[in-house]
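Novice:
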Amino acid sequence: MFFNTVKDGNVEMTEEKLSLDMNEILNASIEAKYEKLNQSEFHRRIVESGLSRGTIEEISKIKKEPEWMLRLRLKSLELFEKLPTPNWLPDILGTLNVSNLELYIKPDVEQTNSWDQIPKEIREYYDVLGIPESEKKYLGGLVAVFESEPIYSNVKEELTKKGVIMMPPEEAMRRYPDVFKEYFTKIFPVSDHKFAALHGALWSGGVFVYVPKNVKITTPVEGFFIIGSEMEGQFEHTLVVADEGSYIHFIEGCSAPQLKKYSFHDGMVELYAKKNARIKFTTIQNWSKNVINFNNKRAWADENATIEWVEGSLGSRYSFVYPSTILRGQNASSTSLVVTLASGEGEWKDSGSKMIHAAPYTKSKIVNKNIGFGGGVNIYRGLVKVNKGAKGSKAFVKCDSLMLDEKTKAYTFPHNQVLEDDADVAHEAHTFRMSEDQLFYLMNRGIDEKEATSMLVLGFIDEIMKELPFEYATMLNKVIKLELDKLGAVA
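For the sequence shown, our numbering begins at 38 and goes up steadily by one.
(1) Excluding five sequence neighbours on each side, which residues of the same chain lie with their C-beta closer than 7 Å to the C-beta of Asn531?
(2) Helix, strand or coil for Tyr359 per DSSP?
(3) Please go through the same chain and pick out, in chain order, the residues whose beta-carbon is closer than 6 Å to the beta-carbon of Leu521, but skip the five residues on each side of it.
(4) Taking the alpha-carbon positions, what's the Glu259 to Asp215 distance?
(5) Sort out for me which residues DSSP pairs Arg19 with in a bridge.
(6) Near Thr530, which residues of its chain fall below 6 Å by C-beta distance, leaving aside the five closest residues on each side in sequence?
(7) Let me make sure I understand the geometry here. Which of Gly243, Lys70, Ile285 and Val358 has the alpha-carbon closest to that of Val201?
(8) Run through the DSSP bridge pairs and tell me what Ala466 is partnered with.
(9) What do you reckon, are the CB atoms on Glu281 and Ala314 nearer than 8 Å?
(10) Quick check on the DSSP output: the beta strand (DSSP E) that includes Ile316 runs from which residue to which?
(11) Would you check if there are 3 or more beta carbon pairs closer than 8 Å linking the stretch 75-84 to the stretch 95-102?
(12) Have a look at Met50 and Thr222 and give me their C-alpha separation to the nearest angstrom.
(13) How should Met440 be labelled, buried or exposed, when 16 other C-beta atoms within 10 angstroms of its C-beta is the threshold for buried?
(14) Taking the C-alpha atoms as reference points, what is the distance between Arg90 and Ala238?
(15) What are the start and end residues of the beta strand (DSSP E) that includes Asn368?
(16) Tell me where the alpha helix (DSSP H) around Arg82 begins and ends.
(17) Arg354 and Glu384 - do their beta-carbons sit closer together than 8 Å?
(18) Taking the alpha carbon of Arg211 as the reference point, which residue from Glu195, Met106 and Cys291 has its own alpha carbon closest?
(19) At what residues does the alpha helix (DSSP H) containing Glu345 begin and finish?
(20) Enumerate in chain order the residues of its own chain whose CB-to-CB distance from Glu273 is below 6 Å, with the five nearest sequence positions on each side excluded.
(21) If you follow the beta strand (DSSP E) that His230 is in, where does it begin and where does it stop?
(22) I need the DSSP call for Leu114, collapsed to helix, strand or coil.
(23) How should Thr343 be labelled, buried or exposed, when 16 other C-beta atoms within 10 angstroms of its C-beta is the threshold for buried?
(24) Mind checking which residues open and close the beta strand (DSSP E) that includes Leu493?
(25) Going by DSSP, which residues form a beta bridge with Met392?
(26) In whole angstroms, give me the CA-to-CA distance for Val455 and Leu374.
(27) For Glu52, does the three-state DSSP call read helix, strand or coil?
(28) Measuring CA to CA, which of Trp337, Asn251, Val376 and Val248 is closest to Gly496?
(29) In this structure, how does DSSP classify Lys518 when only helix, strand and coil are distinguished?
(30) Buried or exposed: where does Met502 fall if 16 or more other Cβ atoms within 10 Å of its Cβ makes it buried?
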């Protein structure tokens, strides 16, 4: 492990950690958004922050990566400096105290396949969340990432016998270099936007999964990511490839303890469902309320393939998540079910989904449910695009916002691009306030106001909850009820 400080633009390394001034990076990005900086000035500010070619080369050296990965990281850094700042980046991020952010922390533990070999102080994070017990009862495989590196990786024997590969991406890069290189950052290119490029330069940890032809995994597998300290950056990368006729359900869990200062998350998920394959990807994100969360998610679906996104985005203070699918093959289909919760003054949840219909007779469905109270802000930002030639395609979007008080705000920015005459695209959006009539009805039947509020909120997101495995629906239920405790609503 190592640590860096910046003196006169030079990076000074020691053996602990690597840090940079994320404040400077965010401020420079926001100024660039308004064209207050030219490219050379932006480059100077980024180097002074501690993010330089030397930093990237040192990360790659420590991780013992092949030359092609170093080139990809350096190209990503170059793109980060050149690409425009996305319009969705709010100016308020420039006011946060995230200087001296530790962008790489190697936990003081070697990777293992036994929980008994993990130090007690680290294992306690996972024990509190019930992860070892869940693995034993429900999961076919698990990779656990703590801070910047995987600490636990285990795949049950029945999956290994079927040829399923599940391991940290660093290990996959060494053991299966051709397969890994073929797909890594191909589905979500680092050139897509500024923070995808930042991820490409700094990624560390994550999960790689390959499911062979016609193999159907009947039990879910999971990657669980924990930010273990304040002022930490996490940049994990998840890549799932389902070969023809296969099926996998991947669960992504994200958590962090409540810390005094901010942490920064910029992860990426790439899914590839080949012909007749199906991938279901479920996320339960419950970062603590001082995490800035960027999550880049995109899938490819070939002929007759299916991609299902289920996203429970409850935690973090600022969150930007847009699960996307490119429907590349005829009769491919995708659904995206997203629920977000903005539960306090200053919380900003920017979510939505993107569906690109690039082949005939493709189908997509987006359902977004936003819950807000206490002055939180929810934003839906979605895209449906039907390319010319994608005849017979059908798309449906439903965006609902539930506001529980007068201070909360909700915004909807749908974008539909239909370039094919023979296509059916429908969009509906609703904004609700908590109904006094419904509360009165429930209270008249002996249910107190707190319980009635909980029931109405959980009913609002019922069509998403029923898509979750029972254990995770129960957990999501508990988290929402705990958040509603701020309103005095405890079930």
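Virtual Cβ for every residue (Gly too), placed ideally from N, Cα, C.
Specialist: In this structure, then:
(1) Because the chain spans 38 through 528 in this model, residue 531 falls outside it and cannot be assessed.
(2) Looking up residue 359 in the sequence shown gives position 322. Here Tyr359 sits in coil by DSSP.
(3) Reading the sequence shown from its first residue, position 484 is the one you call residue 521. Result list for Leu521: Ser491, in chain order.
(4) Sequence index remark: in the sequence shown, residue 259 carries index 222 (1-based). Sequence index remark: in the sequence shown, residue 215 carries index 178 (1-based). About 24 Å.
(5) With the chain covering 38 to 528 only, the question about residue 19 has no answer from this structure.
(6) Outside the shown range of the chain (38 to 528) lies residue 530, about which nothing can therefore be said.
(7) Translated into the one-based positions of the sequence shown, residue 201 becomes position 164. The shortest Cα separation from Val201 among Gly243, Lys70, Ile285 and Val358 belongs to Ile285.
(8) Looking up residue 466 in the sequence shown gives position 429. Per DSSP, Cys436.
(9) Looking up residue 281 in the sequence shown gives position 244. Looking up residue 314 in the sequence shown gives position 277. Result yes, Cβ atoms of Glu281 and Ala314 sit closer than 8 Å.
(10) Within the sequence shown, the letter at position 279 stands for residue 316. That run of the beta strand (DSSP E) goes Arg315 to Asn323.
(11) No: fewer than three Cβ pairs fall under 8 Å.
(12) Start at 1 with the first residue of the sequence shown, and residue 50 comes out as number 13. Start at 1 with the first residue of the sequence shown, and residue 222 comes out as number 185. In this predicted model, Met50 has a pLDDT of only 34, less than 50, meaning its place in the structure is not dependable enough to derive any value.
(13) Here residue 440 refers to the residue found at position 403 of the sequence shown. With 16 or more other Cβ atoms within 10 Å, it is buried.
(14) The residue you call residue 90 lines up with position 53 of the sequence shown. The residue you call residue 238 lines up with position 201 of the sequence shown. Taking the straight line joining both Cα atoms gives about 10 Å.
(15) The residue you call residue 368 lines up with position 331 of the sequence shown. Boundaries cannot be given for Asn368, as no beta strand (DSSP E) includes it and DSSP labels it neither H nor E.
(16) For the purposes of this step, residue 82 is identified with residue 45 of the sequence shown, where counting begins at 1. Note, Arg82: alpha helix (DSSP H), Gln76 to Ser86.
(17) Your numbering for residue 384 matches position 347 in the sequence shown. Your numbering for residue 354 matches position 317 in the sequence shown. Closer than 8 Å, so yes.
(18) Translated into the one-based positions of the sequence shown, residue 211 becomes position 174. The option with the nearest alpha carbon to Arg211 is Met106.
(19) Taking the first residue of the sequence shown as 1, we reach residue 345 at position 308. Here Glu345 belongs to no alpha helix (DSSP H); instead the beta strand (DSSP E) covers Thr343 to Ser350.
(20) Against the sequence shown, residue 273 aligns to sequence position 236. Excluding sequence neighbours, Glu273 sits near Val182, Gly242, Gly243, Phe262 and Gly304.
(21) The count along the sequence shown starts at 1 and reaches residue 230 at position 193. It is not in any beta strand (DSSP E) - His230 carries neither H nor E in the DSSP assignment.
(22) What you label residue 114 is simply residue 77 of the sequence shown in a count that begins at 1. It is helical.
(23) The count along the sequence shown starts at 1 and reaches residue 343 at position 306. By the 10 Å Cβ count, Thr343 comes out buried.
(24) What you label residue 493 is simply residue 456 of the sequence shown in a count that begins at 1. No beta strand (DSSP E) holds Leu493; the alpha helix (DSSP H) holding it covers Glu486 to Phe497.
(25) The residue given as residue 392 occupies position 355 in the sequence shown. Answer is Thr362 and Val421.
(26) As a working note, residue 455 is residue 418 in the sequence shown. As a working note, residue 374 is residue 337 in the sequence shown. So the alpha carbons of these two residues sit roughly 22 Å apart.
(27) Here residue 52 refers to the residue found at position 15 of the sequence shown. At Glu52, the pLDDT of 35 sits below 50, so the modelled position is not reliable; the number obtained from the coordinates is stated separately. In the displayed model, Glu52 falls within coil according to three-state DSSP, outside both helix and strand.
(28) The residue given as residue 496 occupies position 459 in the sequence shown. That would be Val376, whose Cα lies nearest to the Cα of Gly496.
(29) Here residue 518 corresponds to residue number 481 of the sequence shown, with the count starting at 1. Helix, per DSSP.
(30) Mapped onto the sequence shown, residue 502 falls at position 465. By the 10 Å Cβ count, Met502 comes out buried.
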